[in-house]
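Asker:
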Amino acid sequence: MRNVAFVEGVRTPFGKAGDKGIYAGTRADDLVVKVIRELLRRHPELPPERVDEVAVAATTQTGDQGLTIGRTAALLAGLPKSVPGFAIDRMCAGAMTAVTTTASGIGFGAYDIAIAGGVEHMGRHPMGEGVDPNPRIIADKLVDPTALVMGQTAENVHDRFPEITKQRTDAYAARSQERYADAVKSGKIGPELVPVATRHAELGWGLATEDEPPRPGTTVEQLAGLKTPFRPHGRVTAGNAAGLNDGATGAILAAEDVATELGLPVGMRLVSYSFAGVEPEVMGIGPVPATEKVFARTGLSIDDIGLFEINEAFAVQVLAFLDHFGISEDDPRVNRWGGAIACGHPLASSGVRLMTQLSRQFAERPDVRYGLTTMCIGIGMGGTVIWENPAWEGK
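Heads up: the sequence shown begins at 919 in the working numbering, then just goes up one per residue.
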């Protein structure tokens, strides 16, 4: 097996889904094209014909997110016609799966270099659009009916862990907004963003250069008064969960020896990964067994992890993970630059955002050897990837 390097990741600014969002008039596949072109622009040392595969994830594979988007986006981005591509779906972990799948091919020797990422235009394609679930899923009681509504699954996690109160989730959400705002001010978030030209029917042309969803200055008091749309007197609100968003991500992966040959940087090195299934009605706990599984495979433990990037689909699922592993909810190792509650969660694209942020944090932290990216996944799954810092100065 060969070492697999995460060279660099980039993303578009994330927008709010809907007619008033920055990408209301922008095609989903054009967002992916911008990401691929930016990766190639940043790395002229990479001959385009050396790319062996393009994997692009989308949860709703229809319209401008359909037609084998990995292949069509590669063609539109100007990659040689000899470069193949494919589409992939694992709901929120689409981009994460695009990375682990192509990375496995690199480690096995089937590829030398791949581009992997994801896109979700929830304004054009709301989650579940055109889906026709088999009625037996409910009729045969394979899952609880709430399993198909992500917000209700988050309420179910609250039920299972009553110690995770709304007050705790609101406090976590406010902290995510604060950390994100601080990261933007200090220039930690920004260098990975790809400017995107936008067009609006009323406002005309524009340029998206920053994330649209964040609400800096959010307080716990403000969050306490928000409605609970998934259950009367519930605990999940628009403030302690990620919103509906549009955006795309992408990353270059390479065999480490090939990266050295071409002069590509090594942002981090893949250690291992695992996906695990859980009861669909409490999908938010998925990162826990996925992480336990990858620890069992690697011999590592939670004490070996110096940085965590946990997708914030809902604050309650992050807190369930932290409580399980005995980590404080304000631990500085966790989501140091904020998370999806602030910047947004365009479903299938988010996994590479986590990886990109971890890679850039590694460069600043030679004292940290291992980092972890993890997320819950709809229909009852979790995914975790462990990475090693090539800048680590320890022994």
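Glycine is no exception: its CB is placed at the ideal position from the N, C-alpha and C atoms.
Of the choices 1295, 1261, 1310 and 1272, whose alpha-carbon is the least far from that of residue 1283?
Answerer: The count along the sequence shown starts at 1 and reaches residue 1283 at position 365. Ranking the options by Cα distance to residue 1283, first place goes to 1310.
Asker: Can you tell me where the beta strand (DSSP E) with residue 1000 in it begins and where it stops?
Answerer: By 1-based counting over the sequence shown, the position of residue 1000 is 82. Per DSSP, residue 1000 belongs to no beta strand (DSSP E) and is neither H nor E.
Asker: If we count the other Cβ atoms within 10 Å of its Cβ and call it buried at 16 or more, is residue 1246 buried or exposed?
Answerer: Here the question's residue 1246 lines up with position 328 in the sequence shown. By the 10 Å Cβ count, residue 1246 comes out exposed.
Asker: Along the chain, where does the alpha helix (DSSP H) containing residue 955 start, and where does it finish?
Answerer: Along the sequence shown, read from residue 1 onward, the residue named residue 955 stands at position 37. Run containing residue 955: 946 to 960, per the alpha helix (DSSP H) assignment.
Asker: Check each candidate in 1183, 1172, 1299 and 1199 and name the one with the smallest Cα separation from residue 968.
Answerer: Residue numbering aside, residue 968 sits at position 50 when the sequence shown is read from its first letter. Among 1183, 1172, 1299 and 1199, the Cα nearest to that of residue 968 belongs to 1172.
Asker: Please state whether DSSP places residue 924 in a helix, a strand or coil.
Answerer: Locating residue 924 in the sequence shown gives position 6, counting from the first residue. Strand at residue 924.
Asker: Can you tell which of 1195, 1200, 1280 and 1253 has its C-alpha closest to the C-alpha of residue 1299?
Answerer: The sequence position of residue 1299 within the sequence shown is 381, counting from 1. Residue 1195 is the option with its Cα nearest to residue 1299.
Asker: Find the nearest neighbour of residue 1036 within the set 1048, 1024, 1046 and 1018, judged by alpha-carbon distance.
Answerer: Translated into positions along the sequence shown, residue 1036 becomes position 118. Per the Cα distances, 1018.
Asker: Cα separation between residue 1142 and residue 1069?
Answerer: The residue you call residue 1142 lines up with position 224 of the sequence shown. The residue you call residue 1069 lines up with position 151 of the sequence shown. Spanning the two alpha carbons is a distance of roughly 17 Å.
Asker: Between residue 1114 and chain D, is there a C-beta pair that is closer than 8 Å?
Answerer: Here chain D cannot be found, since the structure has a single protein chain.
Asker: Anyone know if the C-beta pair for residue 997 and residue 966 falls short of 8 Å?
Answerer: Here residue 997 refers to the residue found at position 79 of the sequence shown. Here residue 966 refers to the residue found at position 48 of the sequence shown. Yes; because the gap between Cβ atoms is below 8 Å, this pair is in contact.
Asker: Between residue 1011 and residue 1293, is the Cβ-Cβ spacing less than 8 Å?
Answerer: Along the sequence shown, one-based indexing puts residue 1011 at 93. Along the sequence shown, one-based indexing puts residue 1293 at 375. Yes. Within cutoff.
Asker: If you draw a straight line from the C-alpha of residue 971 to the C-alpha of residue 1003, how long is it?
Answerer: As a working note, residue 971 is residue 53 in the sequence shown. As a working note, residue 1003 is residue 85 in the sequence shown. Going by the C-alpha atoms only, they are around 5 Å apart.
Asker: Helix or strand or just coil, what does DSSP make of residue 1226?
Answerer: The residue labelled residue 1226 in the question sits at position 308 within the sequence shown. Of the three classes helix, strand and coil, the one that applies to residue 1226 here is strand, per DSSP.
Asker: Going by beta-carbon coordinates alone, are residue 936 and residue 1041 separated by less than 8 Å?
Answerer: In the sequence shown, counting from the first residue as 1, residue 936 sits at position 18. In the sequence shown, counting from the first residue as 1, residue 1041 sits at position 123. Cβ atoms of residue 936 and residue 1041: closer than 8 Å.
Asker: Just tell me which of 1178, 981, 1111 and 934 has its CA closest to the CA of residue 963.
Answerer: Sequence index remark: in the sequence shown, residue 963 carries index 45 (1-based). Distance check between residue 963 and each of 1178, 981, 1111 and 934 places 1178 closest, using alpha-carbon atoms only.
Asker: Name the one or two DSSP bridge partners that residue 1164 has.
Answerer: The residue labelled residue 1164 in the question sits at position 246 within the sequence shown. DSSP lists 933 and 1039 as partners of residue 1164.
Asker: Can you give me the Cβ contacts of residue 1258 inside the same chain, cut-off strictly under 6 Å, excluding the 5 residues immediately before and after it?
Answerer: As a working note, residue 1258 is residue 340 in the sequence shown. Answer for residue 1258: 1160, 1229 and 1230, listed in chain order.
Asker: Flag this pair as yes or no: are the beta carbons of residue 983 and residue 1039 separated by less than 8 Å?
Answerer: Taking the first residue of the sequence shown as 1, we reach residue 983 at position 65. Taking the first residue of the sequence shown as 1, we reach residue 1039 at position 121. Yes.
Asker: Of the residues 1183, 1053 and 1255, which one's Cα is nearest the Cα of residue 1101?
Answerer: In the sequence shown, counting from the first residue as 1, residue 1101 sits at position 183. If we check each option's Cα against that of residue 1101, 1255 comes out closest.
Asker: I think residue 1302 touches residue 1209, with their Cβ atoms under 8 Å apart; what is that distance to the nearest whole Å?
Answerer: Within the sequence shown, the letter at position 384 stands for residue 1302. Within the sequence shown, the letter at position 291 stands for residue 1209. With a Cβ gap of about 4 Å, residue 1302 and residue 1209 count as contacting.
Asker: Is it the case that the Cβ atoms of residue 973 and residue 1020 are separated by a distance below 8 Å?
Answerer: To locate residue 973, count along the sequence shown from 1; it is residue 55. To locate residue 1020, count along the sequence shown from 1; it is residue 102. Yes, they are a contact pair.
Asker: Report the three-state DSSP secondary structure of residue 1243 (helix, strand or coil).
Answerer: Counting from 1 along the sequence shown, the entry for residue 1243 is found at position 325. Residue 1243 falls in the coil class under three-state DSSP.
Asker: Terminal residues of the continuous beta strand (DSSP E) containing residue 1189?
Answerer: The count along the sequence shown starts at 1 and reaches residue 1189 at position 271. Element bounds for residue 1189: 1186 to 1195.
Asker: Using the three-state DSSP reduction, which class does residue 972 fall into: helix, strand or coil?
Answerer: Residue numbering aside, residue 972 sits at position 54 when the sequence shown is read from its first letter. Residue state, collapsed to three classes: strand.
Asker: State the DSSP-derived secondary structure class of residue 1213, mapped to helix, strand or coil.
Answerer: Numbered from 1 along the sequence shown, position 295 holds the residue referred to as residue 1213. Helix, per DSSP.
Asker: Less than 8 Å between the beta carbons of residue 1281 and residue 1158, yes or no?
Answerer: Here residue 1281 refers to the residue found at position 363 when the sequence shown is read from its first residue. Here residue 1158 refers to the residue found at position 240 when the sequence shown is read from its first residue. Against a cut-off of 8 Å, the Cβ pair of residue 1158 and residue 1281 comes out as no contact.
Asker: Quickly, what does DSSP pair residue 1252 with across the bridge? List them, please.
Answerer: Walking along the sequence shown from the start, residue 1252 turns up at place 334. BP columns for residue 1252 point to 1226.
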